[in-house]
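Sequential numbering from 1243 applies to the sequence shown in our numbering.
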Amino acid sequence: MKKMTLALAITASLLHLTYAVAQVNIGPCGNSGGEWKEIIRERLLQNKLAIQDQPVQFRNTVYVPVAFHLVANSNGVGRVAHNRVLEQLCKLNEDFADLNMQFYIKTLRDNINNTAIYQTQFNAGTAMNLLRDPGAVNIWIVDVATPAPPSSGDNGIILGYYNPQRDWVVVRRDQVNANSVTLPHEIGHYFSLDHTHNGWDAQPYSPSMHGTPAPAMSPGFVPTERQDGSNCQTAGDYICDTPPDYNGFGFAGCNYNIAQDPAGVTIDPDEQLFMSYFLNCVRNDYYFSNTQQSLIWADYNSTRRNYIRSSFVPNLTEITETPVLQFPINNETPPGYNQVTFQWTAVNGADFYLLEIDRVATYTLSPLRFVVAGTNTFTVTTLEPNRTYYWRVRPYNAYRTCAISTLSGVFRTNSTVVSVNDIRELSEWTLSPNPVSSAQHALQVSFQAEQSFDGTLRLFDATGRQVRHYGRHRIASGASYLELDMRGLSNGVYLLTLEYDKGWEIKRLVMTQ
């Protein structure tokens, strides 16, 4: 393949210059019975004893590491969109704000292509365990939540579950968004909470099936909790500030009044508790009761949770700016479809940018998604020729994930294949500041070279006209820098070229007032 000439490269470079829908929850949680439920109950009872001996004090905010595993099938199809994960974490931190407990991204794996994990986790524990982050709450986002073999009858409708033996959470991908309550519900299980309707999980109360009033013993062989609270310590969810609840995924509304307790008193459950199955109430009204919060804290402080406790504090800088897309925009055509370099403005607080590219502005056809760390440029080599593309950027850091994406930029690829001719002796070179203000006069060009060489620096404006010739300079081995005079230049975009008899490179420079 032929290398581009410098003139062609400059010409090509100058071409660079010129779910808010509410998620309806349909299905139960996978922690409705069996051995897992017994493990969670034992931990809950231990945590109850712990808070009786030493009541929990809500002190400084703790930051809990999370590992998100974004799973696709073995062909790489069906992975949850990164945006939905960021929206979910933003909402999860709102859900736990009253507890002074916040979550941050320690690990985000978006390269797991495994149909077994994607659809049949009960048979993929070994593969999952190899990928598990031992220092975080592990959350697997899959297509079908399958805690048990298909003979159980529940698979296909389960929204999510917590596996206390493997100590990880699994959530169906359609439940990962800012409107679903599935993830906070499963995190509640992770921290030892049971359902408010404990005992009625698999068989919700029905007057025709169970009679009126309700029997003293629930179908799950847990004492039926009474409305007056007289047996709240030993019945239902074993928590006294959560009223009786016999729903168990059988009531579609948000005002349950169909059941009488064994004493004949109509029960009045709290439909807004995260640990209930009243999943379609007003999203922002869900909460954990005071005792549930104390139990979560007791579990967090227990020895079993040593692996998620540390003094680490993530970047807390709030992201209040939106990046500005710089190239390619406004139907620009990059010089070659096989190497398109995207550029946007950096914003304060952002350690990462989610770059999304697709041929439709909804990003639902065949989206490409890249997590870009520590820089505001990224080169993509997998675009198709002669296509119109849309792209957008979303800034975030490990803790702050609430900022929204930019509006879309649009561009069209051509059929040209380009090759970059770089200077092998040069490891890195940077321009600072960039953008540079006309009031600053000087631009610092820093070099990191493997060995010394002589290079020529020239500056071109957006029309391709040479506006400065800075001459030939000795670039020393190791670290060095030069200062270039910027006085007299108009606002706009420029290209600074570094030329060497064995190669050349180009940097983009923005001049502002």
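Every residue, glycine too, gets a C-beta built ideally from N, C-alpha and C.
Residue span of the beta strand (DSSP E) that contains residue i, given as start and end
i: E1725; result: G1720 to D1727
i: M1370; result: Premise fails: M1370 lies in the alpha helix (DSSP H), G1367 to L1373, not in any beta strand (DSSP E).
i: T1739; result: G1734 to Y1742
i: V1379; result: V1379 to V1384
i: R1714; result: Q1708 to I1717
i: L1596; result: F1594 to D1600
i: S1674; result: L1668 to S1674
i: S1472; result: Run containing S1472: none; DSSP gives neither H nor E here.
i: S1688; result: A1684 to A1691
i: Q1299; result: Run containing Q1299: none; DSSP gives neither H nor E here.
i: Q1502; result: Where Q1502 is concerned, there is no enclosing beta strand (DSSP E), given that its DSSP letter is neither H nor E.
i: V1566; result: Counting along the chain, V1566 falls outside any beta strand (DSSP E), and DSSP gives it neither H nor E.
Residue i and residue j closer than 8 Å at C-beta
i: I1282; j: P1406; result: yes
i: N1317; j: N1355; result: yes
i: L1291; j: W1539; result: no
i: Y1305; j: F1530; result: no
i: S1460; j: G1441; result: yes
i: I1665; j: S1694; result: no
i: A1646; j: R1636; result: For clarity, residue 1646 is Ile in the given sequence; the question names Ala instead. Yes, they are a contact pair.
i: P1307; j: K1348; result: yes
i: P1511; j: Y1498; result: yes
i: Q1686; j: E1725; result: yes
i: F1310; j: I1383; result: yes
i: G1720; j: A1691; result: yes
i: T1643; j: L1331; result: yes
i: D1600; j: Y1632; result: yes
i: F1620; j: L1649; result: no
i: E1329; j: N1419; result: yes
i: G1697; j: P1570; result: no
i: I1500; j: Q1534; result: no
Segment limits, alpha helix (DSSP H) that includes residue i
i: W1609; result: Inspection of the sequence shows that residue 1609 is occupied by Pro rather than by Trp. Element bounds for P1609: n/a, residue is neither H nor E.
i: P1307; result: It is not in any alpha helix (DSSP H) - P1307 instead sits in the beta strand (DSSP E) that spans V1304 to A1314.
i: W1539; result: N1532 to Y1542
i: A1278; result: First, the amino acid is wrong: residue 1278 is Trp here, not Ala. That run of the alpha helix (DSSP H) goes G1276 to D1295.
i: L1758; result: Examination of residue 1758 is not possible in this model, given that the chain is present from 1243 through 1755 alone.
i: T1357; result: T1357 to Q1361
i: L1699; result: Taken as a continuous stretch (DSSP letters only), L1699 belongs to no alpha helix (DSSP H), being part of the beta strand (DSSP E) at F1695 to F1702.
i: G1430; result: T1424 to Y1432
i: V1327; result: H1324 to D1337
i: S1657; result: Segment: none, S1657 is in no alpha helix (DSSP H) and carries neither H nor E.
i: P1449; result: P1449 to H1452
Anticipated Cβ contact below 8 Å, residue i with residue j, distance rounded
i: A1477; j: P1465; result: 4 Å
i: A1210; j: R1546; result: Given a span of 1243 to 1755 for the chain in the structure shown, any question on residue 1210 remains unanswerable.
i: S1657; j: T1672; result: No, S1657 and T1672 are not in contact; Cβ-Cβ is about 33 Å, not under 8 Å.
i: A1339; j: I1550; result: The pair is not a contact, with the Cβ atoms about 18 Å apart (cut-off 8 Å).
i: P1446; j: F1516; result: Going by Cβ atoms, the distance from P1446 to F1516 rounds to 18 Å, so no, they are not a contact pair.
i: P1556; j: A1640; result: 4 Å
i: Y1403; j: G1272; result: 3 Å
i: D1487; j: H1427; result: Not a contact, Cβ separation roughly 14 Å.
i: A1387; j: G1275; result: Wrong, their Cβ atoms sit about 15 Å apart, outside the cutoff.
i: V1602; j: E1563; result: Actually they are not in contact, since the Cβ atoms of V1602 and E1563 sit about 27 Å apart, beyond 8 Å.
Residue i burial status per 10 Å Cβ neighbour count (16 or more: buried)
i: S1536; result: buried
i: V1413; result: buried
i: H1431; result: buried
i: T1739; result: buried
i: K1245; result: Note that K1245 scores a pLDDT of 46, beneath 50, so its modelled location is shaky; the value from the coordinates is reported in the next line. Counting Cβ neighbours within 10 Å, K1245 comes out exposed, since fewer than 16 surround it.
i: T1623; result: exposed
i: F1702; result: buried
i: L1737; result: buried
i: D1527; result: exposed
i: M1451; result: exposed
i: V1411; result: buried
i: F1520; result: buried
i: S1732; result: exposed
i: H1711; result: exposed
i: V1524; result: exposed
i: R1634; result: buried
i: N1335; result: buried
i: T1194; result: Only positions 1243 to 1755 of the chain appear in this structure, which leaves residue 1194 out of reach.
i: D1295; result: exposed
i: F1584; result: buried
i: N1365; result: exposed
i: S1669; result: exposed
i: L1372; result: exposed
i: F1345; result: buried
i: R1707; result: exposed
Contact with chain D by residue i, beta-carbon distance below 8 Å
i: L1596; result: This model lacks chain D altogether; it includes just one protein chain.
The ligand ATP heavy atom lying under 7 Å from the CB of residue i
i: G1490; result: Summarising the ligand content, the structure contains no ligands, and the ligand ATP is consequently not present.
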